[in-house]
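Scroll down for the structure; my scribbles are underneath it.
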Ligand code: B12
Ligand code: SF4
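In this note's numbering, the protein residues as written are 1468 to 1942.
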């Protein structure tokens, strides 16, 4: 009989975006062809494999402790394997996923399993997690997880584990990506080169979770990882870093060394890349086909209020044109509804998209996530539309709920103008046009635009419910 301790690491499926687009309010009332159509589109979106593998769990499952065996369960694709007597079940908790995570943890503990909770929400709000877990792991768990597993073996588990300082990322920690079922994901080649962020945008909490300084992995270790991963999966690579070009020097050296490996890759960068011609050329030569860039706002007043100060809006269009001219397609993410925005803002966004020929526009509404400065400010100003303590309110649904009162625009006017904006941008003919015009990754650009045409229709439908009275839960 296998005496090794068995550990299961669980990733939850979210109810929004590509994990499972659905209406918040009227799903049950849909019948016949409409219901069939919605279910079919949702299944298609799931099957198109846009799912990004759970890197945090890959990292933890790669921690080797003799006498302990670890498995990953991704609930986006599989049921919990409760036919096995797991010695410990770890769940990754993001703020938008807390209710799901807590319900699962409670039911597992009721069945006698030991549950460990970790992830962003545990790091930010440990007190709200404590009653749902046997073990809480705070912060980045790369190193401390080995201690948890040792304690599991010795049966001396503690209630809480604190890593102390951030892990030293320059040390090699090889990630085993064979732990995942390759067929489920668009790729298992998912890589992180650094953590932390020197900026402090008030709607974000990366700089709180991972520190206000960018920490980088040793280039040799990243190159080795790319080599190793490529042997197992020949598909595209995805670099999850929020800004892969944060250090021009580091990025230039890394991607120059990747050129001979002949990979293709997607990632996320700041628009500053458009002003870094040497790096831009290196990105293109090393196989970069598409990048997500945070444009956030074109309004100087909004950029100032929300501390998004690293680029001036006048330079943004030029940067985007330069990046596309280098053969890289761009997903540009905007937030409409920031404090400097007015009813004139949508026209500026539309002009910008037309002028730059942005391949996939992402038109988000601001999410005042708990743990961010904007959440605290909106609460103090009495502008939150939900009970700040209601964890279910922060489901991060796909542009389907307004969680706060915009500063300069009445809520119904805002919802109307946001809906007009998304219906103008996301049409089938615009999707086809953008797909054909994309400098690279044409089919991915086309699919994303088509999915967004569906998702933003859901968003309009649900937002309208909010102002007609069916959706709004007042605090
Ligand atoms: C890639 C990414 C995704 C991918 C993949 C998710 C994943 N976790 O692998 C996708 C697109 C699926 C995704 C979805 C979502 N994401 Co996301 N995502 C990211 C991003 C850019 C990188 C995540 C990553 O791979 N980090 C690298 C790993 C190693 O770090 P980590 O996840 O923090 O994990 C470490 C610790 O947190 C801890 N840990 C994590 N899980 C566990 C579990 C256990 C048991 C233990 C012990 C420890 C532990 O140990 C890990 C190693 O040190 C981050 C931004 C960022 N800079 O981190 C946002 C981020 C994590 N996402 C966020 C959010 C909100 C979401 C969504 C809720 C959005 C939505 N609209 O649905 C969903 C939730 C998905 C889910 N099912 O839980 C927020 C979380 C904020 C918060 N307060 O919780 C972040 C920080 C972005 C932000 N700026 O706000 N995301
Ligand atoms: S939004 Fe991007 S630049 Fe701003 S703090 Fe978050 S990770 Fe850093």
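Cβ atoms here follow ideal geometry from the backbone N, Cα and C, with glycine treated the same way.
Just so we're clear, the structure is a prediction, and the values are computed from it rather than from any experiment.
Next on the checklist: Quick check on the DSSP output: the alpha helix (DSSP H) that includes residue 1756 runs from which residue to which?
Outcome noted: As a first step, residue 1756 must be located in the chain shown, where it is residue number 289. Note, residue 1756: premise wrong, no alpha helix (DSSP H); beta strand (DSSP E) at 1755–1763.
Checklist entry - Counting along the chain, where does the alpha helix (DSSP H) carrying residue 1691 start and finish? => result Along the chain shown, one-based indexing puts residue 1691 at 224. Residue 1691 -> alpha helix (DSSP H) spans 1686–1699.
Checklist entry - Any idea which residues DSSP pairs residue 1538 with across the strands? => result One-based indexing of the chain shown puts residue 1538 at position 71. In DSSP, residue 1538 forms a bridge with 1475.
Next on the checklist: If we require 4 or more residues per run, which alpha helix (DSSP H) segments fall completely within the region 1615–1694?
Outcome noted: 1673–1676
Checklist entry - Would a C-beta distance cut-off of 8 Å place residue 1754 and residue 1731 closer than the cut-off? => result Position 287 of the chain shown holds residue 1754. Position 264 of the chain shown holds residue 1731. Cβ distance < 8 Å, so residue 1754 and residue 1731 count as in contact.
Checklist entry - Cα separation between residue 1876 and residue 1567? => result Position 409 of the chain shown, counted from the first residue, corresponds to residue 1876. Position 100 of the chain shown, counted from the first residue, corresponds to residue 1567. Cα to Cα, the separation comes out at about 33 Å.
Next on the checklist: Under DSSP, the alpha helix (DSSP H) around residue 1575 begins and ends at which residues?
Outcome noted: In the chain shown, residue 1575 corresponds to position 108, counting from 1. Residues 1565–1577.
Item to check | Cβ neighbours of residue 1573 in the same chain (closer than 7 Å, five flanking residues each side left out) | outcome: Here residue 1573 refers to the residue found at position 106 of the chain shown. Around residue 1573: 1599.
Item to check | Identity of the residues DSSP links to residue 1828 by a beta bridge | outcome: Locating residue 1828 in the chain shown gives position 361, where the first residue counts as 1. Residue 1828 is bridged to 1799.
Item to check | residue 1589 versus residue 1605: straight-line alpha-carbon distance, rounded | outcome: Along the chain shown, read from residue 1 onward, the residue named residue 1589 stands at position 122. Along the chain shown, read from residue 1 onward, the residue named residue 1605 stands at position 138. C-alpha separation (whole angstroms): 6 Å.
Checklist entry - Does DSSP put residue 1865 in a helix, a strand or coil? => result Numbered from its first residue, the chain shown carries residue 1865 at position 398. Three-state DSSP puts residue 1865 in coil, outside helix and strand.
Next on the checklist: Does residue 1530 come out as helix, strand or coil in the three-state DSSP assignment?
Outcome noted: Locating residue 1530 in the chain shown gives position 63, where the first residue counts as 1. Residue 1530 falls in the coil class under three-state DSSP.
Checklist entry - Between the Cα of residue 1470 and the Cα atoms of 1905, 1793, 1535, which residue gives the shortest distance? => result One-based indexing of the chain shown puts residue 1470 at position 3. The option with the nearest alpha carbon to residue 1470 is 1535.
Checklist entry - Can you check whether the CB of residue 1554 is closer than 8 Å to the CB of residue 1479? => result Residue 1479 sits at position 12 when you count from the first residue of the chain shown. Residue 1554 sits at position 87 when you count from the first residue of the chain shown. No; because the gap between Cβ atoms is not below 8 Å, this pair is not in contact.
Checklist entry - Does the count of Cβ pairs from the region 1829–1836 and the region 1788–1807 closer than 8 Å reach three? => result yes
Item to check | Delimiting residues of the beta strand (DSSP E) encompassing residue 1735 | outcome: Indexing the chain shown from 1 puts residue 1735 at position 268. Looking at the DSSP string, the run of the beta strand (DSSP E) that includes residue 1735 is 1732–1736.
Checklist entry - To which residues does DSSP link residue 1584 through a beta bridge? => result Within the chain shown, residue 1584 is the residue found at index 117, counting from 1. DSSP lists 1558, 1603 as partners of residue 1584.
Next on the checklist: Nearest by alpha-carbon distance to residue 1489: which of 1935, 1922, 1932 is it?
Outcome noted: The sequence position of residue 1489 within the chain shown is 22, counting from 1. For residue 1489, the nearest C-alpha among the options comes from 1922.
Next on the checklist: Quick check on residue 1865: buried or exposed, where buried means 16 or more other Cβ atoms within 10 Å of its Cβ?
Outcome noted: Walking along the chain shown from the start, residue 1865 turns up at place 398. Buried, since its Cβ has 16 or more Cβ neighbours within 10 Å.
Checklist entry - Leaving out the 5 sequence neighbours to the left and right, which residues in its chain are closer than 7 Å to residue 1898 when beta-carbon positions are compared? => result Counted from its first residue, the chain shown places residue 1898 at position 431. 1913, 1916, 1917, 1920, listed in sequence order.
Checklist entry - Which one or two residues does DSSP pair with residue 1851 in a beta bridge? => result The residue you call residue 1851 lines up with position 384 of the chain shown. According to DSSP, which records beta bridges pairwise, residue 1851 is partnered with 1871.
Item to check | Per-residue burial, residue 1932 [other beta carbons within 10 Å of its own, 16 or more giving buried] | outcome: Taking the chain shown and counting its residues from 1, one reaches residue 1932 at position 465. Residue 1932 should be labelled buried.
Item to check | Local Cβ density within 10 Å of residue 1845, reported as buried at 16 or more and exposed below that | outcome: Counted from its first residue, the chain shown places residue 1845 at position 378. Residue 1845 comes out buried.
Checklist entry - Is it the case that the Cβ atoms of residue 1691 and residue 1660 are separated by a distance below 8 Å? => result By one-based count along the chain shown, residue 1691 stands at place 224. By one-based count along the chain shown, residue 1660 stands at place 193. Cβ atoms of residue 1691 and residue 1660: not closer than 8 Å.
Checklist entry - Got a sec? Which residues, its chain only, sit under 7 Å from residue 1699 by beta carbon, not counting five neighbours each side? => result Locating residue 1699 in the chain shown gives position 232, counting from the first residue. Only 1644, 1645 meet the Cβ criterion.
Checklist entry - DSSP puts residue 1705 in a beta bridge; with which residues? => result For the purposes of this step, residue 1705 is identified with residue 238 of the chain shown, where counting begins at 1. DSSP, once it has assigned bridges, lists 1657, 1733 as partnering residue 1705.
Checklist entry - Are residue 1793 and residue 1757 touching if we call contact CB-CB under 8 Å? => result Here residue 1793 corresponds to residue number 326 of the chain shown, with the count starting at 1. Here residue 1757 corresponds to residue number 290 of the chain shown, with the count starting at 1. Taking 8 Å as the Cβ cut-off, residue 1793 and residue 1757 do not qualify as a contacting pair.
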